[in-house]
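Trainee:
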Ligand SMILES: [Zn+2]
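In the working numbering, the protein residues as written are 104 to 425.
1. Starting from residue 332, trace the alpha helix (DSSP H) in both directions and tell me its first and last residue.
2. Alpha helix (DSSP H) containing residue 179: first to last residue?
3. Could you say if the segment 127-141 and the segment 184-193 meet the contact criterion of at least three C-beta pairs nearer than 8 Å?
4. Taking DSSP as the reference, what is the three-state secondary structure of residue 408?
5. Is residue 246 near residue 299, with beta carbons less than 7 Å apart?
6. Does residue 218 have its Cβ less than 7 Å from a Cβ in chain B?
7. Should residue 324 be counted as a contact of ligand 1 given a C-beta to heavy atom distance under 6 Å?
8. When the Cα of residue 361 is compared with those of 391, 378, 276, which residue comes out closest?
9. Should residue 308 go down as buried or exposed, given a rule of 16 or more other Cβ atoms within 10 Å for buried?
10. May I have the straight-line CA-CA distance separating residue 111 from residue 235, to the nearest angstrom?
11. So what's residue 202 in DSSP terms, helix, strand or just coil?
12. Assuming residue 60 and residue 327 are in contact, meaning their beta carbons sit under 8 Å apart, how far apart are those beta carbons, in whole angstroms?
13. Answer with buried or exposed for residue 241, where buried requires no fewer than 16 other C-beta atoms within 10 angstroms of its C-beta.
14. Buried or exposed: where does residue 413 fall if 16 or more other Cβ atoms within 10 Å of its Cβ makes it buried?
15. So the beta strand (DSSP E) residue 361 belongs to, where does it begin and stop?
16. Please return the same chain residues whose Cβ sits closer than 7 Å to the Cβ of residue 124, not counting the five positions on each side in sequence.
17. Measure the alpha-carbon distance for residue 279 versus residue 387 and round it to whole angstroms.
18. Would you tell me roughly how many angstroms separate the C-alpha atoms of residue 227 and residue 136, rounded to the nearest one?
19. Kindly examine ligand 1 and report whether one of its heavy atoms sits closer than 6 Å to the Cβ of residue 162.
20. Can you name, in chain order, every residue of its own chain whose Cβ lies under 7 Å from the Cβ of residue 104, other than the five neighbours on each side?
21. Note down the Cα distance separating residue 219 from residue 225, rounded to an integer number of angstroms.
22. Between which two residues does the alpha helix (DSSP H) harbouring residue 275 extend?
23. Does residue 132 come out as helix, strand or coil in the three-state DSSP assignment?
24. Note the first and the last residue of the continuous beta strand (DSSP E) segment covering residue 96.
25. List the DSSP bridge partners of residue 144.
26. Starting from residue 172, trace the alpha helix (DSSP H) both ways and give me its first and last residue.
27. So for residue 116, helix, strand or coil by DSSP?
28. Considering only heavy atoms of ligand 1, does any lie closer than 6 Å to the CB of residue 334?
29. If you draw a straight line from the C-alpha of residue 325 to the C-alpha of residue 366, how long is it?
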């Protein structure tokens, strides 16, 4: 917008101003979470982009990129508004929790758009959507491999069935500049899925992993968000896009059929065939108890690198080519 004051949580920015504040979430009197938010309200009119990091609290390059963007974007250069929430799942960040909010054991990226009458994580999701996503024209959710995950960078968008929204989401994915792009067809509470279902073009972008804050992974996110800002006309200039993207019309997730110690036999970015052995489970004495086969032919996008696997845990996903 950039034509009127924008309020997100407790941060209000007039046109041409930056405001920092908190989005407070409370359930009863005991459970309270405060998410940081930065509103960069441009000096000139234009669309509003929402950017979130730390939806999973251990994905550090995503969090760092969101913080850097919140500090480097200047209202004088912004045509419209940028709303940045650098760390959504503050309790998971503080406790170094994997996947879930330790307050209720819920993975927030399975419950969007949330439930204002639900548990603390569902209320966090609902509050983030009400305050930040609902007043935006487009949404980027920055992720990476969690503390126990390696991955090759990739971008996901949801095919909602609304052709205009889906085309913009796909275009945002392409200009982000990451080679691998996955289309998601099945809705399962993901941030980008819920936003697209509301009519907001959205992407979820993955870079970095295993709890490492590395500069190349941060740069992929900073460059990607900057490219989308240029594509949407919020910043002036042309997106810097490198190699031709590779589109996967779907991805196939593999969940563990039993617990034990997992020993992967493949690496992220590697091509696998359907039925190829991708790893092995051993028991606590080291005896082999099961071999794991790839569910599809394609590229290994992420891989859980902790040997400690429980039944039902994700192990890997494959970007499926055809
Ligand atoms: Zn994540």
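Where is the CB? At the ideal position from N, CA and C, for every residue including glycine.
Mentor: Quick look at the numbers:
1. What you label residue 332 is simply residue 229 of the chain shown in a count that begins at 1. Residue 332 -> alpha helix (DSSP H) spans 318-334.
2. Within the chain shown, residue 179 is the residue found at index 76, counting from 1. Element bounds for residue 179: n/a, residue is neither H nor E.
3. yes
4. For the purposes of this step, residue 408 is identified with residue 305 of the chain shown, where counting begins at 1. Looking at residue 408 - three-state DSSP - the assignment turns out to be coil, as it is neither helix nor strand.
5. Numbered from 1 along the chain shown, position 143 holds the residue referred to as residue 246. Numbered from 1 along the chain shown, position 196 holds the residue referred to as residue 299. Cβ distance not < 7 Å, so residue 246 and residue 299 don't count as in contact.
6. Protein chains in the displayed structure number just one, and chain B is not present.
7. By 1-based counting over the chain shown, the position of residue 324 is 221. The answer is no for residue 324.
8. Taking the chain shown and counting its residues from 1, the one referred to as residue 361 is at position 258. Residue 391 is the option with its Cα nearest to residue 361.
9. Against the chain shown, residue 308 aligns to sequence position 205. Buried, by the Cβ-count rule.
10. As a working mapping, residue 111 is identified with position 8 in the chain shown. As a working mapping, residue 235 is identified with position 132 in the chain shown. Computed Cα separation, rounded: 6 Å.
11. Stepping through the chain shown from its first residue, residue 202 is reached at position 99. Reduced to three states, the DSSP call for residue 202 is coil.
12. With the chain covering 104 to 425 only, the question about residue 60 has no answer from this structure.
13. In the chain shown, counting from the first residue as 1, residue 241 sits at position 138. Label assigned to residue 241: buried.
14. Within the chain shown, numbered from 1, the residue matching residue 413 stands at position 310. Flag for residue 413 reads exposed.
15. Residue 361 sits at position 258 when you count from the first residue of the chain shown. Unbroken run through residue 361: none, as it is neither H nor E.
16. The count along the chain shown starts at 1 and reaches residue 124 at position 21. Counting only Cβ-Cβ distances below 7 Å, and skipping sequence neighbours, we find 112, 113, 114, 140.
17. What you label residue 279 is simply residue 176 of the chain shown in a count that begins at 1. What you label residue 387 is simply residue 284 of the chain shown in a count that begins at 1. Those two C-alpha atoms are separated by around 43 Å.
18. Working through the chain shown from its first residue, we reach residue 227 at position 124. Working through the chain shown from its first residue, we reach residue 136 at position 33. Those two C-alpha atoms are separated by around 8 Å.
19. Start at 1 with the first residue of the chain shown, and residue 162 comes out as number 59. Indeed, a heavy atom of ligand 1 lies less than 6 Å from the Cβ.
20. The sequence position of residue 104 within the chain shown is 1, counting from 1. Unreliable positioning characterises residue 104 in this predicted model, as indicated by a pLDDT of 48, which lies under 50. A coordinate reading is not provided.
21. If you number the chain shown from 1, residue 219 lands on position 116. If you number the chain shown from 1, residue 225 lands on position 122. Cα to Cα, residue 219 sits roughly 7 Å from residue 225.
22. To locate residue 275, count along the chain shown from 1; it is residue 172. Residue 275 -> alpha helix (DSSP H) spans 266-279.
23. Within the chain shown, numbered from 1, the residue matching residue 132 stands at position 29. Three-state DSSP puts residue 132 in coil, outside helix and strand.
24. Nothing about residue 96 can be read from this structure; the chain reaches only from 104 to 425.
25. Reading the chain shown from its first residue, position 41 is the one you call residue 144. Residue 144 is bridged to 184.
26. Position 69 of the chain shown, counting from 1, holds the residue named residue 172. Taken as a continuous stretch (DSSP letters only), the alpha helix (DSSP H) holding residue 172 covers 163-175.
27. Stepping through the chain shown from its first residue, residue 116 is reached at position 13. Three-state result, residue 116: strand.
28. Against the chain shown, residue 334 aligns to sequence position 231. False, no ligand heavy atom lies under 6 Å from that Cβ.
29. For the purposes of this step, residue 325 is taken as the residue at position 222 of the chain shown. For the purposes of this step, residue 366 is taken as the residue at position 263 of the chain shown. Straight-line Cα distance between these residues: approximately 33 Å.
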